[in-house]
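Trainee: The UniProt record's numbering puts the first residue of the sequence shown at 1, with every later residue one more than the last.
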Amino acid sequence: MRFTPGDTFDRYVIEESLGAGGMGEVYRALDTRLHRHVALKVLNRVLDVAPESWRGSANPVLREARAAAALNHPNAVSLFDVGEHAGAPYLAMELVDGIPLRRYIGAGIPQIVLLRWLLDVARALAAAHRVGVVHRDVKPENVMLRSDGVIKVLDFGIARRVRSAYTPPSHDTDDDVTSTLTSPGKLLGTPAYMAPEQIRGEDSDQRVDQFSWGVTAYEVLSGKLPFGHGRDMLAVVAGILGDAPPRLHEAPEPLWAILARTLEKRREDRFASMDEVVDLLEEFVLGEQNAPSSRRMSVIMGKASDLPPLADANVRRDAATLSAPPGTPSPLSQHRKSHRWPLVGAAAGALGVAVALAAGWAPSSSSEPAGTTSTSAPAASPSPASPSTTPVPITALPSPQTASTQALVAFREGLQAFRDAQWSVAHQAFARAEKLDSFFAAAHLRLAQTYRNTGSPEARMHLQRAISLRSSLSPRDEALLEAYEPLIMRDPEDRDESLRRFREASRRYPGDLELLHHLSMFVRSTDPAESLDVATRCTDLDPKYADCWQARSRALTLLGRSGEAYDAIEECIRVSPAATDCIGDRGLMHERAGRCDEFEQDTRSYLTQASTLFSRHIELATALYALGRPVAAVRAALEQHQTQVSAEYAENSRALHHLYLQALTGDLRGAVREARDLAQRSDTIAVTRRVSAQFMIALQRELGEVHQAGRDAAELLGSLEVHRRTVPRINRETTVLLLHAQREAEQISRAQYVERREAWVQGWEPRTAGEMRSMLWIQAYAMPASTPADAEEALAALPRFTPLPPARTLETEAALGKLYVLAGRSAEAIPHLTEVTRSCSALRLPVTHTVAHHHLGLAREAQGDTAGACAAYRQLLDRWPPSSGSLTSKATSTRSRALGCVP
1 MRFTPGDTFD
11 RYVIEESLGA
21 GGMGEVYRAL
31 DTRLHRHVAL
41 KVLNRVLDVA
51 PESWRGSANP
61 VLREARAAAA
71 LNHPNAVSLF
81 DVGEHAGAPY
91 LAMELVDGIP
101 LRRYIGAGIP
111 QIVLLRWLLD
121 VARALAAAHR
131 VGVVHRDVKP
141 ENVMLRSDGV
151 IKVLDFGIAR
161 RVRSAYTPPS
171 HDTDDDVTST
181 LTSPGKLLGT
191 PAYMAPEQIR
201 GEDSDQRVDQ
211 FSWGVTAYEV
221 LSGKLPFGHG
231 RDMLAVVAGI
241 LGDAPPRLHE
251 APEPLWAILA
261 RTLEKRREDR
271 FASMDEVVDL
281 LEEFVLGEQN
291 APSSRRMSVI
301 MGKASDLPPL
311 ADANVRRDAA
321 TLSAPPGTPS
331 PLSQHRKSHR
341 WPLVGAAAGA
351 LGVAVALAAG
361 WAPSSSSEPA
371 GTTSTSAPAA
381 SPSPASPSTT
391 PVPITALPSP
401 QTASTQALVA
411 FREGLQAFRD
421 AQWSVAHQAF
431 ARAEKLDSFF
441 AAAHLRLAQT
451 YRNTGSPEAR
461 MHLQRAISLR
471 SSLSPRDEAL
481 LEAYEPLIMR
491 DPEDRDESLR
501 RFREASRRYP
511 GDLELLHHLS
521 MFVRSTDPAE
531 SLDVATRCTD
541 LDPKYADCWQ
551 ARSRALTLLG
561 RSGEAYDAIE
571 ECIRVSPAAT
581 DCIGDRGLMH
591 ERAGRCDEFE
601 QDTRSYLTQA
611 STLFSRHIEL
621 ATALYALGRP
631 VAAVRAALEQ
641 HQTQVSAEYA
651 ENSRALHHLY
661 LQALTGDLRG
671 AVREARDLAQ
681 RSDTIAVTRR
691 VSAQFMIALQ
701 RELGEVHQAG
711 RDAAELLGSL
721 EVHRRTVPRI
731 NRETTVLLLH
741 AQREAEQISR
751 AQYVERREAW
761 VQGWEPRTAG
771 EMRSMLWIQA
781 YAMPASTPAD
791 AEEALAALPR
801 FTPLPPARTL
811 ETEAALGKLY
821 VLAGRSAEAI
831 PHLTEVTRSC
841 SALRLPVTHT
851 VAHHHLGLAR
861 EAQGDTAGAC
871 AAYRQLLDRW
881 PPSSGSLTSK
891 ATSTRSRALG
901 CVP
């Protein structure tokens, strides 16, 4: 099936052909639903295969490609949509404009930069393997370098899916060993990069990708393949099956040990996972002594036209330049006991090979500019006693380097917006600055900050760009960049290391108020008292720093000092009347306190001043529902929700809240169906899949469908185990709740439940301290409790985890209230449940908020407050009548009738 520009295929409008192969053709196309450009791959039907056979073969292709959509990683091309139209299977993928890695082989790129790229490839593969996706065709042609310096691995999961559709591999004599063979009767993949078990047609696992990565790394670093001679496929296959790879002399011994192990013939002799490869390789990438010199960097910054001819004519060639990290180590890194070059990724592994790499692979002195002296010793550090303590407001920081005066003006506007607590405005200003000068390192650094605040993967792209341009940053901005690196570039984020770096930066620049603000933000979750001290120091030094007033308010909130927190947020708005961030925070305070009118007013005020980067239409819909406005008005507000972060994020957020609204209107069974559909859709982002599946299970339990809930909980637990590295915060954990669903369904015994719960607690204990330890008790005992026996067990376990924090989420308050009701301690339950039911948060927490009314009614009834109990029961029955099928509703109706409550 061939298309020409202007043709329509399903919801896609074809714009141009990007290339064709044996498997199908790839087009640049416009997705008319989401208004974005995609790479649309339309798979060919094999002509000599019967339609019934092809259809049966295509189904696994589509099914397994949908599984590949679970992969969400900045170095992997995203799969947006999978389907079949007019009898042709298709895949809609992220459109990447860049240059294939093949073109950079032998182009004189410094080896440390090549290693960095290979590390990004390894990370993408590791992330894919954690969600059960195997690439099976890793090679330089399937790796692209975007013009912004980001590595992208193409065609995830496609090769594996196609193989299942064709006949078993045979011995083929095609002499093009670097072409992918995909037609019937041929090996799937590229012979030169295939693992021995692939060539033999044996069952294989994710370690085939490790072997292919090793071949790719060998070729990228040396310019030659490790097996066979010339381009004779039989020689290549024979080499893969029987020969040891020649020693790669370009690599020092520790690196060669890693590469050689990935190329082992038996998969059992390779690393157990790509995560191990990533951990070991990071030693090399993070070793600051391997940074290329400034003169060698000029080689990297050459134009694409200076590179060797493009090997694959079917890829786009829109990128004009290639960026790589400058080699000047920052003053902050020179202070470190362990010298590291913070380019990408996680903390170094345990082999301690950075010194060996530095000794064996440091740039030669001949690469230094004339007149300079090469030395391995770090530059002298400034005296720790010398930094000035004179206050430096964020708006008084030295001007960063840029070739555009207009870009500098926009950048300055962004800093002022930061000070005024207008991060949305700041984001727009920094985006203008970056557009005016795409090499503006400081603008990329600030965009990484604003995007991180939204959870967008764009944060990593901009920080990586800032890293590649870091030679133009001031020492102070380099310190800021290094402090953000563990938060943005590592998977999972390393908040402890980031906090350590912020502390060090603040010590080096004690008068820098922005660094004080950052320190206050990042210490808040572990030590709100210190956060308050730091934020107070900031506002004392600059009383008009609205952002620091917001930080002060948030620290006070965590300390349970809500009145003072409200006063601080009011001061923020007084010193900066357009402080949308503080207006938004004040609205959330109104939401929590049940002041729904004020919540709506502040939300509307925010929406009139802020951009769509931080859209508050979800909050508006939440306020409207709490105020009893028509459901149509609530839906209309949800439909307006949008964001500059990503269309997918906005669409997913809208879908989730429409689902919540459906549950609040009593259509629980319909909400279960919609939740299942949302969790299984290929265009649903990973976090939405998880949240919608959890919501579905909660509703199933509410409907009494405990066995189905148990089955779905088991499936979701398996998925969470795969994603364990990417869910680093305990407040996002639901493992024990899911185990409890399995226990209710009698899928596991009580003894198994207790054993697995304790294993979960012990796994988290080393990562929690102080008041955060209480979250272990909340998650493991309070939230899952559903019987008086559960409540007694939970209360008996509480001393192990005390103290409880003074400020708690509504979910925690609801769990505590329920626990005390089950334990017969109704007087203690009422304050917790009142905190939940008075809030305006029903649309955010539809099940929690609704069921809390039932528990509040029980507690008031036990205290002899019949009128109060009837009022609480009525709230629940108005949302969930007995006809909804809710077990809680039926119990509430029974209690209401027994009390003689007026319907």
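Even for Gly, the Cβ is constructed at its ideal location relative to N, Cα and C.
1) Determine the contact status of Ala-546 and Ala-535, defining contact as a CB-CB distance below 8 angstroms.
2) Return the chain-ordered list of same chain residues with a C-beta closer than 7 angstroms to the C-beta of Ile-151, the five sequence neighbours on each side being excluded.
3) Under 8 angstroms, Cβ to Cβ, is there at least one residue of chain C near Ser-468?
4) Identify every run of the alpha helix (DSSP H) within the region 545-576, keeping only runs that are complete inside it and at least 4 residues long; order them along the chain.
5) So what's His-740 in DSSP terms, helix, strand or just coil?
6) Do Leu-40 and Ala-127 have their C-beta atoms within less than 8 angstroms of each other?
7) Using a threshold of 8 angstroms, state whether the C-beta atoms of His-854 and Gly-817 are closer than that.
8) The alpha helix (DSSP H) with Tyr-781 in it runs from where to where?
9) Which partner residues does Gly-19 have in the DSSP bridge list?
10) Whole alpha helix (DSSP H) runs in the region 773-853 with 4 or more residues, listed along the chain?
11) Among the residues of its own chain, which have a CB less than 7 angstroms from the CB of Phe-3, if the five just before and after it don't count?
12) For Tyr-660, list the residues DSSP reports as bridge partners.
13) Ala-782 to Arg-690, Cα distance in whole Å?
14) On the premise that Leu-703 lies in contact with Arg-669, defined as a C-beta separation below 8 angstroms, what is that separation, rounded to the nearest angstrom?
15) What distance in whole Å lies between the Cβ atoms of Pro-784 and Leu-737, which are believed to be in contact at a cut-off of 8 angstroms?
16) Could you tell me the alpha carbon to alpha carbon distance between Ala-358 and Ala-88, rounded to whole angstroms?
17) Considering only the beta carbon of each residue, do Pro-140 and Glu-25 sit closer than 8 angstroms?
18) If the criterion is Cβ atoms closer than 8 angstroms, does the pair Tyr-451 and Ala-459 meet it?
19) Could you compute how far the alpha carbon of Ala-823 sits from the alpha carbon of Ala-421?
20) Using the C-alpha atoms, what's the distance from Glu-571 back to Arg-554?
21) Take Leu-887 as the anchor and find which of Gly-511, Gln-428 and Val-706 has the nearest alpha-carbon.
22) Taking Cβ positions, are Ser-471 and Pro-398 nearer each other than 8 angstroms?
23) Can you tell me where the beta strand (DSSP E) with Leu-43 in it begins and where it stops?
24) Does DSSP put Phe-80 in a helix, in a strand, or in coil?
25) Report the rounded CA-to-CA distance for Val-77 versus Thr-622, giving the unit in angstroms.
26) At which residues does the alpha helix (DSSP H) containing Glu-197 begin and terminate?
27) Per DSSP, what kind of secondary structure is Thr-735 in: helix, strand or coil?
28) Could you tell me the distance, in whole angstroms, from the CA atom of Asp-585 to the CA atom of Phe-430?
29) Confirm, please, whether the CB-CB distance from Asp-209 to Val-134 is below 8 angstroms.
30) On the DSSP letters alone, give me the boundaries of the alpha helix (DSSP H) that Pro-475 sits inside.
31) Out of curiosity, what's the CA-to-CA distance linking Leu-310 and Ser-222?
32) By DSSP, does Gly-98 sit in helix, in strand, or in coil?
33) Assuming Ser-826 contacts Pro-805 under a Cβ cut-off of 8 angstroms, what Cβ separation, rounded to an integer in Å, is found between them?
34) Measure the C-alpha to C-alpha separation of Ala-272 and Pro-528 and round it to an integer number of angstroms.
35) By the DSSP assignment, the alpha helix (DSSP H) with Leu-624 in it spans what residues?
36) Where does Lys-152 sit, in a helix, a strand or coil, going by DSSP?
Mentor: Working from what's here:
1) On the sequence shown, residue 546 is found 546 positions in, with the first residue counted as 1. On the sequence shown, residue 535 is found 535 positions in, with the first residue counted as 1. Contact flag unset, no.
2) One-based indexing of the sequence shown puts residue 151 at position 151. Once the five neighbours on either side are set aside, the close Cβ partners of Ile-151 are Asn-75, Trp-117, Asp-120, Val-121, Val-143 and Leu-145.
3) Reference to chain C is not applicable here, since this structure consists of a single protein chain.
4) Segments of the alpha helix (DSSP H) lying fully in the region 545-576: 546-558 and 562-575.
5) Position 740 of the sequence shown holds residue 740. Here His-740 sits in helix by DSSP.
6) On the sequence shown, residue 40 is found 40 positions in, with the first residue counted as 1. On the sequence shown, residue 127 is found 127 positions in, with the first residue counted as 1. For Leu-40 and Ala-127, no; Cβs fall outside 8 angstroms.
7) Position 854 of the sequence shown, counting from 1, holds the residue named residue 854. Position 817 of the sequence shown, counting from 1, holds the residue named residue 817. Going by beta carbons, His-854 and Gly-817 fall outside the 8 angstroms limit.
8) Taking the first residue of the sequence shown as 1, we reach residue 781 at position 781. Segment: none, Tyr-781 is in no alpha helix (DSSP H) and carries neither H nor E.
9) Locating residue 19 in the sequence shown gives position 19, counting from the first residue. Paired residue(s): Val-26.
10) 773-777, 788-797, 810-822 and 826-837
11) The residue labelled residue 3 in the question sits at position 3 within the sequence shown. Hits under 7 angstroms: Phe-9, Ile-14 and Tyr-27.
12) Within the sequence shown, numbered from 1, the residue matching residue 660 stands at position 660. Paired residue(s): none; Tyr-660 is not in a bridge.
13) For the purposes of this step, residue 782 is taken as the residue at position 782 of the sequence shown. For the purposes of this step, residue 690 is taken as the residue at position 690 of the sequence shown. So the two alpha carbons sit approximately 21 angstroms from each other.
14) Position 669 of the sequence shown holds residue 669. Position 703 of the sequence shown holds residue 703. Going by Cβ atoms, the distance from Arg-669 to Leu-703 rounds to 7 angstroms, so yes, they are a contact pair.
15) Within the sequence shown, residue 737 is the residue found at index 737, counting from 1. Within the sequence shown, residue 784 is the residue found at index 784, counting from 1. 5 angstroms between Cβ atoms; contact.
16) What you label residue 358 is simply residue 358 of the sequence shown in a count that begins at 1. What you label residue 88 is simply residue 88 of the sequence shown in a count that begins at 1. In this predicted model, Ala-358 has a pLDDT of only 24, less than 50, meaning its place in the structure is not dependable; the value taken from the coordinates is given anyway. Straight-line Cα distance between these residues: approximately 53 angstroms.
17) As a position in the sequence shown, residue 140 is number 140, starting the count at 1. As a position in the sequence shown, residue 25 is number 25, starting the count at 1. It is not a contact, given that the beta carbons lie outside the stated cut-off.
18) In the sequence shown, residue 451 corresponds to position 451, counting from 1. In the sequence shown, residue 459 corresponds to position 459, counting from 1. Result yes, Cβ atoms of Tyr-451 and Ala-459 sit closer than 8 angstroms.
19) The residue given as residue 823 occupies position 823 in the sequence shown. The residue given as residue 421 occupies position 421 in the sequence shown. Spanning the two alpha carbons is a distance of roughly 45 angstroms.
20) Taking the sequence shown and counting its residues from 1, one reaches residue 554 at position 554. Taking the sequence shown and counting its residues from 1, one reaches residue 571 at position 571. Distance between the alpha carbons of Arg-554 and Glu-571: 13 angstroms.
21) Against the sequence shown, residue 887 aligns to sequence position 887. It is Val-706 whose Cα lies nearest to the Cα of Leu-887.
22) Your numbering for residue 471 matches position 471 in the sequence shown. Your numbering for residue 398 matches position 398 in the sequence shown. Result no, Cβ atoms of Ser-471 and Pro-398 do not sit closer than 8 angstroms.
23) What you label residue 43 is simply residue 43 of the sequence shown in a count that begins at 1. Run containing Leu-43: 36-43, per the beta strand (DSSP E) assignment.
24) The residue labelled residue 80 in the question sits at position 80 within the sequence shown. Phe-80 falls in the strand class under three-state DSSP.
25) The residue given as residue 77 occupies position 77 in the sequence shown. The residue given as residue 622 occupies position 622 in the sequence shown. Here the C-alpha atom of Val-77 lies approximately 35 angstroms from the C-alpha atom of Thr-622.
26) As a working mapping, residue 197 is identified with position 197 in the sequence shown. Its alpha helix (DSSP H) spans residues 196-199.
27) Here the question's residue 735 lines up with position 735 in the sequence shown. Thr-735 falls in the helix class under three-state DSSP.
28) The residue given as residue 585 occupies position 585 in the sequence shown. The residue given as residue 430 occupies position 430 in the sequence shown. If you take the alpha carbons of Asp-585 and Phe-430, they lie about 23 angstroms apart.
29) One-based indexing of the sequence shown puts residue 134 at position 134. One-based indexing of the sequence shown puts residue 209 at position 209. Against a cut-off of 8 angstroms, the Cβ pair of Asp-209 and Val-134 comes out as a contact.
30) Taking the first residue of the sequence shown as 1, we reach residue 475 at position 475. Run containing Pro-475: 475-488, per the alpha helix (DSSP H) assignment.
31) Sequence index remark: in the sequence shown, residue 310 carries index 310 (1-based). Sequence index remark: in the sequence shown, residue 222 carries index 222 (1-based). In this prediction, Leu-310 has a pLDDT of 31, which is less than 50 and means its spatial position is unreliable; what the coordinates show is noted afterwards. About 18 angstroms.
32) Here the question's residue 98 lines up with position 98 in the sequence shown. In the three-state reduction of the DSSP assignment, Gly-98 falls in the strand class, which pools E and B.
33) For this step, residue 826 is matched to residue 826 along the sequence shown. For this step, residue 805 is matched to residue 805 along the sequence shown. About 23 angstroms separates the two Cβ atoms, so there is no contact after all.
34) Walking along the sequence shown from the start, residue 272 turns up at place 272. Walking along the sequence shown from the start, residue 528 turns up at place 528. Spanning the two alpha carbons is a distance of roughly 41 angstroms.
35) Residue 624 sits at position 624 when you count from the first residue of the sequence shown. Taken as a continuous stretch (DSSP letters only), the alpha helix (DSSP H) holding Leu-624 covers 617-626.
36) Translated into positions along the sequence shown, residue 152 becomes position 152. DSSP, reduced to helix, strand and coil, places Lys-152 within a strand of the structure shown.
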